[in-house]
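In my numbering, the protein residues as written are 466 to 902. Positions of the beta carbon are idealized from the N, C-alpha and C atoms, including for glycine. Values in this document were obtained by computation on a predicted structure and should not be read as measured data.
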Amino acid sequence: MQISEWKERIRSATDSVWAVRLLHAFEYVIAAVLLVQGNTVWMTIDPVRDHIGTVLLILLITAVLACMILSGAIFSGEKRKACIFGISAIFLYAMVLFFAHESNRSVFWHFILVFLLMAAYSLMRRSEGTTAVLLKYRNLICLVAIYSLVMWLLCSVLKIFPPSGVVMTSWNDTSFLDAPISSYIGIYFTPQGIRNTSIFTEAPMAALHYSLALLIEVFLVKKADLKKMGILLLVILTTMSTMGYLVAGFAVLMKLILWIGEKGWLRKKSVIATGAAILTVGVGAALFLLIRKIGTISGSIRSDDLRAGWQAFLDHPLLGNGFNNLPAIQQYMSSWRHFNMGYSSGLLWILSDGGLWLGAIHLCPVIRATVVGILRKQWGIVLFALSVMAIFLITVFQYSYLLSFLLAFLLFWQPEVDHHRGEIPQAQGKPTGLKAS
466 MQISEWKERI
476 RSATDSVWAV
486 RLLHAFEYVI
496 AAVLLVQGNT
506 VWMTIDPVRD
516 HIGTVLLILL
526 ITAVLACMIL
536 SGAIFSGEKR
546 KACIFGISAI
556 FLYAMVLFFA
566 HESNRSVFWH
576 FILVFLLMAA
586 YSLMRRSEGT
596 TAVLLKYRNL
606 ICLVAIYSLV
616 MWLLCSVLKI
626 FPPSGVVMTS
636 WNDTSFLDAP
646 ISSYIGIYFT
656 PQGIRNTSIF
666 TEAPMAALHY
676 SLALLIEVFL
686 VKKADLKKMG
696 ILLLVILTTM
706 STMGYLVAGF
716 AVLMKLILWI
726 GEKGWLRKKS
736 VIATGAAILT
746 VGVGAALFLL
756 IRKIGTISGS
766 IRSDDLRAGW
776 QAFLDHPLLG
786 NGFNNLPAIQ
796 QYMSSWRHFN
806 MGYSSGLLWI
816 LSDGGLWLGA
826 IHLCPVIRAT
836 VVGILRKQWG
846 IVLFALSVMA
856 IFLITVFQYS
866 YLLSFLLAFL
876 LFWQPEVDHH
886 RGEIPQAQGK
896 PTGLKAS
């Protein structure tokens with residue numbers, strides 16, 4: 466049998482019902498890995514954290530390869546060429562940093578391996594494949610949100626069930642020693658008292674995932690599900706995270722403005738005036754929250770984080786101070802905050818580690834998606850990209866699988882019709898995505 470006949474048989478197999486179901490299953494595996502690896506408590510517990518990390522990496526590689534095969538993307542010569550060229554260019558660019566720094570090279574290799582894997586996935590499957598994973602990630606986060614609301618009410622608020630014990634986590638304020646946190650048989654944790662942190666290391670990390678899921682629902686879905694939006698907004702409130710509140714408020718305001726415009730209820734000038742009024746109220750509320758936050762110890766620490774990160778970046782602005790080099794930032798932290806030497810800005814951490822060279826890997830995808838979105842009048846991707854970068858400025862999830870996937874998605878995003886599924890990832894002129902799945 467000729468090679469062309471084998472390829473045709475394989476292509477036919479990828480269109481079968483079982484292949485489509487397997488494809489969806491592996492997309493859920495990718496989404497689950499992004500969730501679990503993204504600063505959950507399990508990733509910080511000794512001695513299981515290293516084993517979990519290894520398992521997650523194997524699952525990610527397996528699921529990505531399976532999706533490429535089951536979708537038939539791997540059999541496209543054009544896509545293979547684009548993939549080889551794209552990942553080769555990124556690899557050669559990143560190798561400059563490898564030769565520039567000798568410390569923590571394992572962090573570099575782990576990051577670049579995952580980022581290249583996500584870039585290959587995005588190049589091979591294009592927007593429909595990456596958006597499908599993001600929608601499944603949103604679905605999983607909604608399930609976690611429902612579960613965490615129940616556990617938060619029963620365990621943290623009403624205290625009906627006592628903790629089953631404590632676990633030692635490496636996620637703490639001193640950055641030196643593992644700290645104990647209350648655990649409920651390893652499926653719910655309370656490191657910050659009444660704040661709903663669920664399975665995550667702290668409230669801002671929980672708010673990070675809930676906020677990203679909300680942004681996906683609002684800006685990337687063709688028709689947003691109000692129930693899912695409601696669940697995500699409610700769970701964000703229970704985290705008591707200022708970042709979560711700001712993202713939730715921004716998402717709701719943008720959705721409201723765009724919804725009014727889409728309905729055609731008002732004339733163009735009226736829509737602009739209404740939008741400006743809503744934005745004014747929103748900005749006022751945001752400033753009120755920020756002023757209150759800055760007046761607290763937590764707010765002062767975050768402000769000091771930004772200053773210290775910027776100072777560390779200025780030491781070596783082109784190639785940075787070395788991978789995962791938190792001490793380079795800590796040396797610039799104010800002495801009054803000796804009790805909390807953690808850090809909160811992922812973007813400035815990256816700029817400190819790798820300078821503008823590494824920063825470009827993180828900033829170029831956002832810039833490209835924003836420019837392409839504006840040119841194509843795809844406002845959903847524009848708002849999504851800018852929101853992700855704003856979150857990254859005040860939240861630490863650098864070097865995470867989730868961030869690598871988001872960067873690859875934004876770097877290679879393009880509006881296109883998914884003929885196989887009959888859906889449009891980004892419809893013209895409004896923030897839409899694939900149908901909810």
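My guess is that residue i and residue j are in contact by the Cβ rule of under 8 Å, so how many angstroms apart are they, rounded?
{"i": "T655", "j": "S647", "result": "5 Å"}
{"i": "L679", "j": "A713", "result": "6 Å"}
{"i": "N504", "j": "N789", "result": "14 Å between Cβ atoms; not a contact."}
{"i": "G551", "j": "L588", "result": "5 Å"}
{"i": "Y649", "j": "S663", "result": "That belief does not hold up - the Cβ atoms of Y649 and S663 are roughly 11 Å apart, past 8 Å."}
{"i": "I794", "j": "S817", "result": "5 Å"}
{"i": "R591", "j": "Q879", "result": "7 Å"}
{"i": "G838", "j": "A850", "result": "7 Å"}
Rounding to the nearest angstrom, what Cα-Cα distance links residue i and residue j in this structure?
{"i": "F862", "j": "L823", "result": "15 Å"}
{"i": "P512", "j": "W636", "result": "14 Å"}
{"i": "M583", "j": "S768", "result": "33 Å"}
{"i": "S865", "j": "P627", "result": "32 Å"}
{"i": "W775", "j": "L673", "result": "23 Å"}
{"i": "L500", "j": "L867", "result": "7 Å"}
{"i": "S629", "j": "G651", "result": "8 Å"}
{"i": "R660", "j": "L702", "result": "9 Å"}
{"i": "G820", "j": "L642", "result": "28 Å"}
{"i": "A716", "j": "K693", "result": "13 Å"}
{"i": "H566", "j": "I555", "result": "18 Å"}
{"i": "A585", "j": "K544", "result": "10 Å"}
{"i": "L619", "j": "L605", "result": "21 Å"}
{"i": "Q502", "j": "K688", "result": "29 Å"}
{"i": "H489", "j": "R802", "result": "47 Å"}
{"i": "I518", "j": "I725", "result": "It is worth fixing the name first, because residue 518 is Gly in this sequence and not Ile. Approximately 45 Å between the Cα atoms of the pair."}
{"i": "D780", "j": "N786", "result": "8 Å"}
{"i": "C607", "j": "T509", "result": "23 Å"}
{"i": "A484", "j": "A528", "result": "13 Å"}
{"i": "T596", "j": "F804", "result": "42 Å"}
{"i": "T761", "j": "A777", "result": "24 Å"}
{"i": "T860", "j": "L535", "result": "35 Å"}
{"i": "G807", "j": "M719", "result": "33 Å"}
{"i": "R833", "j": "W617", "result": "40 Å"}
{"i": "Y493", "j": "V598", "result": "7 Å"}
{"i": "T835", "j": "L876", "result": "10 Å"}
{"i": "L848", "j": "M533", "result": "29 Å"}
{"i": "L903", "j": "A559", "result": "Nothing in the structure corresponds to residue 903, since the chain is present only between 466 and 902."}
{"i": "R841", "j": "Y675", "result": "28 Å"}
{"i": "V561", "j": "A547", "result": "22 Å"}
{"i": "L614", "j": "V700", "result": "6 Å"}
{"i": "I523", "j": "P645", "result": "29 Å"}
The beta strand (DSSP E) spanning residue i covers which residue range?
{"i": "I646", "result": "644–648"}
Mapping the DSSP letters down to three states, classify residue i as helix, strand or coil.
{"i": "V861", "result": "coil"}
{"i": "M798", "result": "coil"}
{"i": "V609", "result": "helix"}
{"i": "G503", "result": "coil"}
{"i": "V686", "result": "coil"}
{"i": "T527", "result": "helix"}
{"i": "M806", "result": "coil"}
{"i": "G811", "result": "helix"}
{"i": "I458", "result": "Any property of residue 458 remains undetermined from this structure, which presents the chain solely from 466 to 902."}
{"i": "I846", "result": "helix"}
{"i": "T761", "result": "coil"}
{"i": "G787", "result": "coil"}
{"i": "G630", "result": "strand"}
{"i": "I539", "result": "helix"}
{"i": "I510", "result": "strand"}
{"i": "P880", "result": "coil"}
{"i": "S635", "result": "coil"}
{"i": "S568", "result": "coil"}
{"i": "I625", "result": "coil"}
{"i": "R841", "result": "coil"}
Take residue i as the anchor and find which of the options has the nearest alpha-carbon.
{"i": "G845", "options": "A773, M705, I722", "result": "I722"}
{"i": "L858", "options": "L828, Q879, A484", "result": "L828"}
{"i": "Q498", "options": "L525, V579, L868", "result": "Here residue 498 turns out to be Val, not Gln, going by the sequence shown. Checking every option, the nearest Cα to that of V498 belongs to L525."}
{"i": "L685", "options": "F870, Q843, Y797", "result": "Q843"}
{"i": "I696", "options": "S810, I815, R603", "result": "R603"}
{"i": "F665", "options": "F849, I839, W507, P880", "result": "W507"}
{"i": "S809", "options": "V579, L871, M670, L562", "result": "M670"}
{"i": "G658", "options": "M705, G838, I856", "result": "M705"}
{"i": "F870", "options": "L581, A834, L487, T860", "result": "L581"}
{"i": "E682", "options": "V631, K601, V615", "result": "K601"}
For the alpha helix (DSSP H) containing residue i, name the first residue and the last one.
{"i": "G651", "result": "Looking at the DSSP string, G651 is not in any alpha helix (DSSP H), and its letter there is neither H nor E."}
{"i": "V700", "result": "691–704"}
{"i": "I549", "result": "542–565"}
{"i": "S869", "result": "866–876"}
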